[in-house]
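Only one structure is covered here, and it is reproduced in the block below.
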Amino acid sequence: MGGQHYLPLTGDDRQAMLKEIGTASVEDLFKDIPPAVRLKGELNMPPALSEMEALKHLTDLAQQNRHFQNATSFMGAGIYDHFIPSVIKHITGRSEFYTSYTPYQPEVSQGVLQAIFEYQTMVCQLTGMDVANASMYDGGTAVAEGAVMGCGATRRSKVLVSRSVSPFYRAVLKNYFHSRGLELEEIPLRDGCTDRHQLAAMLGDDIATVVLQQPNFFGLVENMSGLADLIHEHKAVFLVAADPISLGLLQTPAEYGADIVVGEGQCLGVPASFGGPVLGIMASREKFIRQMPGRIAGETVDSEGNRGFVLTLQTREQHIRREKAASNICSNEALVALAASVYLATMGSQGIREVAEQCLRKTNYAREQIRTLKGFNLTFPGINFKEFALTVPGDPTVLNRKLLEHNILGGVDISPFYPELENTMLFAFTEKRNKAEIDTLVRELEGWK
Amino acid sequence: MRKPKALIFEISRPGRQGYSLPTCDVPAKPLEQLLPEPLRRSAVPGLPELSETEVIRHFTELSTRNFGVDTGFYPLGSCTMKYNPKVNEETAALPGFAFLHPCQPEETAQGALELLYNMEQGLKELTGMERFTLQPAAGAHGELTGLMVIQAYHRSRGDLKRNKVLIPLSAHGTNPATVSMAGYEVVQIPCDERGLVDLEALKAAVDDTTSALMLTNPSTLGLFEEEIVEMAKAVHEAGGLLYYDGANMNAIMGYTRPGDMGFDVVHINIHKTFSTPHGGGGPGGGPVGVKERLVPFLPVPLVDKRGEGFTFNYDLPESIGKMHAFYGNFGVVVKAYTYLRMLGADGLKQASSDAVLNANYLMSLLKKTYHLPYDRTCKHEFVLSARPEKKKGAGAGDIAKALLDRGFHPPTVYFPLIVEEALMVEPTETESKETLDAFARTMEDIAREIDEDAEKIVHGPYHTVVGRLDEVRAARSPVLRWPSS
């Protein structure tokens, strides 16, 4: 039988326990399951594996995949191959952290609670916002819940979202909105950025939230100046999905007047893991705190006046407010938020700035090299932070296959999401890519076709 | 035992560095040329500055101020705090899983797709459903997915007036919150004197506005809803569907299946039943399975087997769309799949069997001292009421704090709401008889101390790194970041 090593009861134990309960067999304990719904026979599952066999099976599966360690990745579009300092897994691997539950008993959960409090602070420092929550599932659900927050705060039900926001996020947003009858309209693109004139024309006193992304899905730094005034003139909420690494260098959302900041925190020391578990970041101005979903840690004192931390403002949450809660979120991404905290603490102000600057410089270098290649065109003008859209002379799938022959995980094909952009790919350049790798990519692109 | 701990910002010193990066080797250009000043932030972000040693010491000390399953017994009801096998951590960290980009060409991620496919097969068999999506990132996320699928199904049939979802009073808070999020109205169904859903009340509540009944079975009282067949019939006859909240699946593996009980949609909390850890609150995973008629509405993509290979199937025109930017918490699914393969059919059944035996044994010990409002065979958990103790001066919350002092994590307190001063105990199958005996003795000691000096218990805990924390103050004047000003 499988899993015996996780089951401490012996045959003798079971007999003694049944005796205490006053019943003859374990089967008696399942007599309340009506015969009509009892499982006849056994579950049909593959035979149990020993630990050695399980490791072999899973390793065999894992080895079928190409990945950041056996190929050079230029993939981005929201998930990136950033460097992960060694310290992180040694902290998240502390089992006092990873085998604990949500810190509902604060006196024995000060570790997790203080870590969340520190995480909230670091997110505020990065974004310039006043408050942050303990995490959402991912960037996509953070965008969706943030847009809903705006609806709650304004008591309006229509949201504008730029087409320069990740199509992965917009898909989740659309789904969240459709079911509860909220309205969603897309702001058109102009040169790969939000069309500001269209935005101005679409704004009205019925708009709850305006959703933009910085840098946007195409890696472009959008011109945010003046937008906050425009949006606030209509008493709408300004939500920005920001790349946290970019905030080492870029103007903060607070500086250009955003109200809610969300984002994907995978870039903060978290493995890509095929897109999850990752980290939904959420922060806002203080006045939106009551609409904010999810857990929040707060400072307090104990019976002797010592500082301590607890989960707080829980009247927003499902276990207290039930159907009137701000959201249904319960389990979040706490351990991933811990990883992000350790990352930010390790990098510090200077480190995060240096990572951001290297992304910017390397992306710019790659862009300058590739733009001269015959048949390849930069899809959009502007400033690219850590990725750019490239229109390639042929099928992106074929190109990626060719790159893979040279151990390169190429670009993300974004044509399926933008029918007007034929043969267009996103190539990302993090601090991990060096000049030689970029030059190799350029050479392989040049040799194509 | 009191032990103050500085915040990471308080130990930061300007000029210290915890990272090392290679020199940027592309030709240097003036920053102004790459990113004009108005686009840059006016000041550095104000993150802490520490050496690597200090980072490690800080977080290591924090970890020592935390209680996990590896620390000790954690009978937190409804949370299934079973042992988290270490091999799970090893497999999820394999480079072929951990360093995989979600947009990679399918042919470069066949191992990952095969794992998702295999996991789906296992969950289908375990629950008796037709297909699963592994996209939901948590139980509540699964609930929302399931209700959206149900909504899309009704809408596809032009059945537009179904705007209500029925929920028993004993349900988890996520259920009603999910119902609101999906744009539905909640209808509460009372429980009868046995602690089970009041069948007559349910029958009276269902009509042509009923979209679904959401049910946890066994319930949050740890009791199996014996009239499930009649309940399913009543809901189905009115044209509604049945949603199974799989939070308590650990009680019934190999004994019965939601699909066979009549449920149309099910979510499983893989961070509970499948032992992937809870991570201090997450990440979790909430795969959702459905019966055949609901398959067209599942989120995209599904994973299909085509010939010898595996592929993402986005061709579901009636799909609700996406619930997560990518495929959900894949890394958590790797852990759950590892667990599934190691236990196999008989191991899973034995796990449920021992979970139920442990719960009934501990219940039988504790009911000698504490009030058990619903005294019948339980499944994986049971709920005591500390109402008598409360009258003596110390309630469920105080008993919880007393347990902290004695080395145990307490049960869930004040839930379910239908039991006054509730103490919800779920021992799980990975605990030994000695541990259960020791816990029972400790609970008896606490009861005795309440008899002798309830006041002392009320002021506990005494041996934790901080004393009882003032939650009211935290909520009344919120300090949510450092510095507080």
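Those protein sequence lines, which keep their order, are chains Y and R. One gets my numbering by counting positions in the first sequence from 1 and adding 761 to each. One gets my numbering by counting positions in the second sequence from 1 and adding 495 to each. Beta carbons: idealized from backbone N, C-alpha and C, even for Gly.
Excluding its 5 nearest sequence neighbours in each direction, Asp870 (chain R) has C-beta neighbours in its own chain below 8 Å: Lys862, listed in chain order. Straight across, the Cα-Cα distance linking Glu1198 (chain Y) with Lys1147 (chain Y) is about 15 Å. CA-to-CA, the gap between Gly980 (chain Y) and Phe1149 (chain Y) works out to about 5 Å.
By the criterion of at least three beta-carbon pairs nearer than 8 Å, the region 954-971 of chain R is not in contact with the region 797-809 of chain Y.
Listed by position along chain R, the residues whose Cβ is nearer than 8 Å to that of His851 (chain Y) are Ile551. What Cys885 (chain Y) touches in chain R, judged by beta-carbon distance under 7 Å, is Arg976, going in chain order.
By the rule that beta-carbons nearer than 9 Å mark a contact, Glu944 (chain R) does not touch chain Y. Comparing alpha-carbon positions, the option among Y:His939, Y:Arg957, Y:Leu1011 lying closest to Leu529 (chain R) turns out to be Y:Leu1011.
Distance from the Cα of Leu1160 (chain Y) is smallest, within the candidate group R:Tyr569, R:Ser558, R:Gln599, for R:Gln599. For the pair Gly780 (chain R) and Ala632 (chain R), the CB atoms are nearer than the 9 Å cut-off. Annotation for Thr833 (chain R): Val582, Asn583, Thr586 place their beta carbon closer than 7 Å to its own, counting only its chain and skipping 5 residues before and after.
Per DSSP, reduced to three states, the secondary structure at Ile782 (chain Y) is helical. The C-alpha of Pro956 (chain R) lies about 24 Å from the C-alpha of His1080 (chain Y). With distances taken between CA atoms, Leu718 (chain R) lies nearest to R:His875 out of R:Glu929, R:His875, R:Pro663, R:Lys885. Counting along the chain, Asp740 (chain R) sits inside no alpha helix (DSSP H); it lies in the beta strand (DSSP E) bounded by residues 736-741. Under the three-state reduction of DSSP, Glu947 (chain Y) is assigned to strand. Of all residues in the region 960-986 of chain Y, only Val982, Ser986 come within less than 8 Å of chain R when Cβ atoms are compared, listed by chain position.
Not a single C-beta of chain R is nearer than 9 Å to the C-beta of Pro1154 (chain Y). Below 8 Å, too few C-beta pairs join the region 595-614 of chain R and the region 748-762 of chain R to call them touching: fewer than three. If you draw a straight line from the Cα of Phe903 (chain R) to the Cα of Lys698 (chain R), it is about 43 Å long. For Val795 (chain R), the closest C-alpha among the options R:Gly816, R:Lys577, R:Pro778 is that of R:Gly816. With a cutoff of 9 Å on beta-carbon distance, Val783 (chain R) and Thr628 (chain R) are scored as near each other. Residues of chain Y whose Cβ lies closer than 8 Å to the Cβ of Ile941 (chain R) do not exist; the shortest such Cβ separation is about 15 Å. DSSP lists R:Leu964 as the beta-bridge partner residues of Asp1063 (chain Y). Taking 9 Å as the cut-off, the beta carbon of Gly763 (chain Y) is found closer than this to the beta carbon of Met837 (chain R). Of all residues in the region 679-700 of chain R, only Val681 come within less than 8 Å of chain Y when Cβ atoms are compared, listed by chain position. At the C-beta level, Thr673 (chain R) and Glu638 (chain R) come within 9 Å of one another. Listed along the chain, the chain Y residues whose CB falls inside 7 Å of the CB of Asp849 (chain R) are Leu768, Leu770. Against Leu816 (chain Y), the close residues of chain R are Val582, Glu585, Thr586, in the order they occur along the chain (beta-carbon pairs closer than 8 Å).
The closest CA to that of Gly776 (chain R), considering only R:Val550, R:Gln512, R:Asn561, R:Pro533, is found on R:Asn561.
In the displayed model, Ile1169 (chain Y) falls within a strand according to three-state DSSP.
Taken through DSSP and simplified to helix, strand or coil, Pro663 (chain R) comes out as strand. Val892 (chain Y) is not a Cβ neighbour of Arg657 (chain R), given a cutoff of 9 Å.
In this structure, Y:Glu906 is the residue among Y:Asn1168, Y:Leu1134, Y:Arg855, Y:Glu906 with its C-alpha nearest to the C-alpha of Ala1087 (chain Y). Around the CB of Thr1124 (chain Y), 16 or more other CB atoms lie within 10 Å, so the residue is classed as buried. Counting only runs of 3+ residues, the beta strand (DSSP E) found wholly inside the region 728-781 of chain R occupies 736-741, 760-763, in chain order.
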